[in-house]
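Asks: Got a structure here, written out as structure tokens. Questions coming.
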Amino acid sequence: MVNHGRMGPKGLYGSWQAHRKDRLTKPLIRRDGELVETDWNTVMDAIVRRSQDLLAEVGPLSHGFYTSGQLFLEEYYTLGVIGKAGIGTPHMDGNTRLCTATAGASLKESFGSDGQPACHADIDLCDALFLFGHNMASTQTVMWARVLDRIAGPDRPRVVVVDPRTTPTAEAADVHLAPLPGTNQALLNGLLRALIEHDWLDHEYISRHTLGFDELKATVEPYTPEHVASICRISPVDLLRAAEIFGTSERVLSTVLQGFYQSHQATAASCQVNNLHLLRGLLGKPGSGVLQMNGQPTAQNTREAGADGDLPGFRNWDNPEHVQELARLWHVDPLTIPHWAPPTHAMQIWRYAEQGSIKFLWISATNPAVSLPELSRVRDILRREDLFVIAQDAFRTETTELADVVLPAALWGEKQGTFTNLSRVVHLSEQAVEPPGEARSDLDIFLDYANRMGFRNRDGDPLITWKDPEGAFDAWRECSRGRPCDYTELSYERLRGGSGIPWGGERLYADGHFPTDASYCEDYGHDLLTGASTTPTDYKARRPDGRAFLKAAEYTPAPEQPGDEYPFICTTGRTVYHFHTRTKTRRAPELQKAAPEPWVEMSASDAATLDLADGDVVRVESERGFVEVPVRIGRCRDGVVFLPFHYGFQAANELTATQWDPVSKQPLFKISAVRIRRV
Amino acid sequence: MHLATYLGLLHTSLQTLADAFREVAKGHGDEPDVEHTCHVLSKRIDAQVEKLGPIVERYGEHREPEPERLHAAEFSQTRSGGVGLLRDLQDLYALASFTDITWTVVGQAAQGLRDKELLDVVSSCEQDTARQLAWLKTRIKQSAPQALIAARG
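So the protein sequences, as listed, match chains A and B.
Numbering-wise (our numbering), the first sequence opens with residue 1 and increments by one.
Numbering-wise (our numbering), the second sequence opens with residue 1001 and increments by one.
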């Protein structure tokens, strides 16, 4: 249904069968500074003792959880209940904060709730395809193959790509816009202005199904093609061509990814893509819609089940009735469930650990010692004496080496659970083999912790009543009842029947009715410029009642600008051959051979100015740190260089800054000022 | 007419507020969101001062000679730590509230004078001030539990 039987290089070579070696098979505990093998009883005992001591001494705010976009739904939901109703801490997030937090945030801001409006089949049906900061040929190879089918086939759609690099994706485009990193908001305001100027609008849709047109129109008014061209350093003619394609195509599909999500006005710019579609009423129809992309396989579940800190089932932390629903479901005092402020995002969790107020940090299925920005700082935090670090993973990583205890975890294929893809399609992944050695599923580990901690509900019964994946799934179904992501119709039995079932139907919002009703919405929204929360009173006063929000924001310059000392803008990103920090892919010989080490890409003209040839080793340095890597010439626009972020040695995140988008809290990996010197 | 007195008050309190935002940005660089947002907001307050310029030219401005009587308290120095951040944000909140109500007073005079130009300035600046207050409240609410319950020292 989704992949049409195709696999990308990582699926083909990087699957779990290839690397049963190197696995973590026993728990590890730090003794006299060294990690040594131990047994589950000892390690869980150490965790529970520290946890209980801290709860008694400091309380729930001493605990933080940093999880993943790669566990199963059942595992996230269980972790969410432990955090929110067992301990009662708001400090829980996933590494989805680094990859798709803006997808969720922009959907909430525009439509009232997370949930992808479009589906993969829209690729087959669109007349125009817009890729905003989305190098699909590298990031989603199987999806890209579906686009290539259209490009090489009859009735070719027109393709517009926004990317500062001339990627293979950009080379396939009819119009390639290469704005300077950090100027997406200006570009999108320019596109919106052109749509309004040429009256490429669906006036009836706007008046019946949206709020905020006048403010949007006033906000984008100054963004003439010439003004935008001067900010973004693009051709005004190309901008107008792109606007015309959007404005005059019958069916338009847009996708958005890291080029937008990891920039400073991330949520604002991603909302403007939603606005383009709202202005033309191109949502929820075959071939028309928005895909605010997910990166990791189960990022959608992290967001649905509340492991990113949100309340599970797309519930609104600021709506007392939603908190009551959860309290009734879990039989706990509503005051236990942290809802006094937005959940603590990952970057703030790490800040609290740095300040010593979080003293217990449980990391699962992610490698922050390579993937977070400003790595020297992250290493310092992980090494703090007063921070107890649990790292749960299938392999030893840069992060496990700094942990106090290491828990060996099973991978998919070694455990059972469900995952939900980009277009809300739910699949059941069965267990095929036993985990190696003493490794356990993440679910079993979380359940063991809950059991040993003795979490109880208000009746004195165990808080968590399930013991296996199917039990967790059934508990989650009940939790999702009546919410936009309603799983009550799904069961393991039904999921075994075919190739996956979407919640919410194939497309959302075909009728132009959005989940913005004040009693139903997931969030009351934010000021896009500062991230200030909209109060319940202000939200209700606007009476959204099913209409979508046309949220507007002016362009503001990025916090870090290139200057005399650091004249280049550095962006980071992927190569097609590796996932994240290569924890799995570097152990697949074919993938490792294809991309064994990092490099820096720069334009031919910048290389010529610095008198550099292909392969020359250079030091790329920001205010925060440096890497020494060989040069590859090509692909980048002048003034912009690119580093792949996968590598734990000469790691790109030595250079990146601790900064984030005000609404989605996603870090700004795409905008670091750097200098380049030959080594 | 005392409008000139109030325009003077507004003018100085906006400058005080913009400087205070800059000061907090400088003092809390370890909280990057605070640093960046304070910079963004301080620039917008500068823009408010500019918008006030033509109005001041028309009505004049009377700077109160006894500052302690009609003057927003100056922001002196940033504090450190979780509670320090909280207190600094609270000081900003108090200063922003002061300019907020001063805009309200000036707006009422603009109504009485049927001064369309001044009404437009007041309307856009009131929205901007509401944004400052909303952000400060959001950030204060986020910080308070950790600073008061879990932070050391």
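For every residue, glycine included, the Cβ atom is placed at its ideal position computed from N, Cα and C.
Using a Cβ cut-off of 7 Å, which residues of the segment 261-285 of chain A contact any Cβ in chain B, in chain order?
Replies: So nothing in the stretch comes that close.
Asks: Would the segment 1014-1027 of chain B and the segment 1040-1053 of chain B be scored as touching if the rule is three or more Cβ pairs under 8 Å?
Replies: Yes: the two stretches touch, three or more of their Cβ pairs being nearer than 8 Å.
Asks: Work out the CA separation of residue 406 (chain A) and residue 606 (chain A) for me, nearest whole Å.
Replies: If I take the Cα positions, the gap works out to 45 Å.
Asks: Spell out the partners DSSP gives residue 285 (chain A) in its beta bridges.
Replies: In the DSSP output, where bridge partners are listed per residue, residue 285 (chain A) has A:288.
Asks: The alpha helix (DSSP H) that contains residue 324 (chain A), what's its start and end?
Replies: Residues 320-330.
Asks: The alpha helix (DSSP H) with residue 1008 (chain B) in it runs from where to where?
Replies: Here the alpha helix (DSSP H) through residue 1008 (chain B) covers 1003-1027.
Asks: Does any residue of chain A bring its CB to less than 8 Å from the CB of residue 1025 (chain B)?
Replies: No, no contact with chain A.
Asks: Grab me the residues of residue 549 (chain A)'s own chain with a C-beta within less than 6 Å of its C-beta, minus the 5 sequence neighbours each way, in chain order.
Replies: Correct list, in chain order: 110, 211, 212.
Asks: Identify every residue that forms a DSSP beta bridge with residue 392 (chain A).
Replies: Per DSSP, A:364, A:407.
Asks: In chain order, what are the residue ranges of uninterrupted beta strand (DSSP E) at least 3 long that sit wholly in the segment 55-93 of chain A?
Replies: Counting only runs of 3 or more, we get 63-67.
Asks: Beta-carbon of residue 1138 (chain B) versus every beta-carbon of chain A: anything under 8 Å?
Replies: Interface residue, yes.
Asks: For the beta strand (DSSP E) holding residue 542 (chain A), just list the boundary residues, first then last.
Replies: Taken as a continuous stretch (DSSP letters only), residue 542 (chain A) belongs to no beta strand (DSSP E), as it is neither H nor E.
Asks: What residues of chain B sit near residue 155 (chain A), judged by a beta carbon separation below 7 Å?
Replies: Ordered by position in chain B, no residue passes the 7 Å Cβ test against residue 155 (chain A), which lies about 46 Å from the chain.
Asks: Measuring straight from C-alpha to C-alpha, what distance separates residue 1071 (chain B) and residue 113 (chain A)?
Replies: Unreliable placement is indicated for residue 1071 (chain B), whose pLDDT of 48 sits below 50; the coordinate value is still reported in the next sentence. Cα to Cα, residue 1071 (chain B) sits roughly 45 Å from residue 113 (chain A).
Asks: Can you find a CB in chain B that lies within less than 8 Å of the CB of residue 529 (chain A)?
Replies: So, interface residue.
Asks: At what residue ranges does the segment 502-584 of chain A contain a whole run of the beta strand (DSSP E), taking only runs of 3 or more?
Replies: 568-573, all fully within the segment 502-584 of chain A.
Asks: Would you say residue 1038 (chain B) touches the ligand HEM, meaning its beta carbon is less than 7 Å from a heavy atom?
Replies: Only the bare structure without any ligand can be found here, which leaves the ligand HEM out of the picture.
Asks: Taking the alpha carbon of residue 303 (chain A) as the reference point, which residue from A:46, A:99, A:157 has its own alpha carbon closest?
Replies: Cα-wise, what sits closest to residue 303 (chain A) is A:99.
Asks: Give, in chain order, every residue of the segment 1080-1108 of chain B whose Cβ lies closer than 9 Å to some Cβ of chain A.
Replies: Per Cβ criterion, the list reads 1081, 1082.
Asks: Would you list, in chain order, the members of the segment 41-69 of chain A that have their beta-carbon closer than 7 Å to a beta-carbon of chain B?
Replies: Of all residues in the segment 41-69 of chain A, 58, 59, 61, 62 have a Cβ within less than 7 Å of some Cβ in chain B.
Asks: Give the residues of chain A in contact with residue 1045 (chain B), contact being defined as C-beta atoms less than 9 Å apart.
Replies: Under the 9 Å cutoff, chain A gives no residues; its nearest Cβ is about 13 Å from residue 1045 (chain B).
Asks: Going along chain B, which residues have a C-beta under 7 Å from residue 356 (chain A)?
Replies: In chain order: 1152.
Asks: Does any C-beta atom of chain A lie closer than 8 Å to the C-beta of residue 1040 (chain B)?
Replies: Yes - at least one Cβ of chain A is within 8 Å of the one on residue 1040 (chain B).
Asks: Just verifying my parser: in three-state terms, what is the DSSP assignment at residue 660 (chain A)?
Replies: If DSSP states are grouped into helix, strand and coil, residue 660 (chain A) belongs with the strands.
Asks: In angstroms, rounded to a whole number, what distance separates the CA positions of residue 1136 (chain B) and residue 540 (chain A)?
Replies: Each residue's alpha carbon lies about 21 Å from the other.
Asks: Hey, residue 578 (chain A) and residue 663 (chain A): beta-carbon distance below 8 Å or not?
Replies: No, these two residues do not count as a Cβ contact at 8 Å.
Asks: How would you write the range of the beta strand (DSSP E) that residue 253 (chain A) sits in, first residue to last?
Replies: 252-256 is the span of the beta strand (DSSP E), which, as asked, contains residue 253 (chain A).
Asks: Between the beta-carbon of residue 1131 (chain B) and the beta-carbon of residue 530 (chain A), is there less than 8 Å?
Replies: Going by C-beta atoms, residue 1131 (chain B) is nearer than 8 Å to residue 530 (chain A).
Asks: When you check each C-beta in the segment 326-346 of chain A against every C-beta of chain B, which residues fall closer than 9 Å?
Replies: Going along the segment 326-346 of chain A in chain order, one finds 338, 340, 341, 342, 344 with a Cβ nearer than 9 Å to chain B.
Asks: Return the residue from the list A:180, A:187, A:646 that minimises the CA-CA distance to residue 671 (chain A).
Replies: Measuring from the Cα of residue 671 (chain A), the nearest candidate turns out to be A:180.
Asks: Taking the beta strand (DSSP E) that residue 97 (chain A) belongs to, which residues open and close that run?
Replies: It is not in any beta strand (DSSP E) - residue 97 (chain A) instead sits in the alpha helix (DSSP H) that spans 96-99.
Asks: Tell me the DSSP bridge mates of residue 158 (chain A)?
Replies: According to DSSP, residue 158 (chain A) bridges with A:128.
Asks: Where does residue 1031 (chain B) land, buried or exposed, given buried means 16+ other C-beta within 10 angstroms?
Replies: Buried, because 16 or more other Cβ atoms sit within 10 Å of the Cβ of residue 1031 (chain B).
Asks: From residue 1103 (chain B) to residue 1120 (chain B), what distance separates their C-alpha atoms?
Replies: Spanning the two alpha carbons is a distance of roughly 12 Å.
Asks: Any beta carbon from chain A within less than 8 Å of residue 1134 (chain B)'s own beta carbon?
Replies: So yes, residue 1134 (chain B) belongs to the interface.
Asks: Are the C-beta atoms of residue 164 (chain A) and some chain B residue less than 8 Å apart?
Replies: Chain B contact via Cβ: absent.
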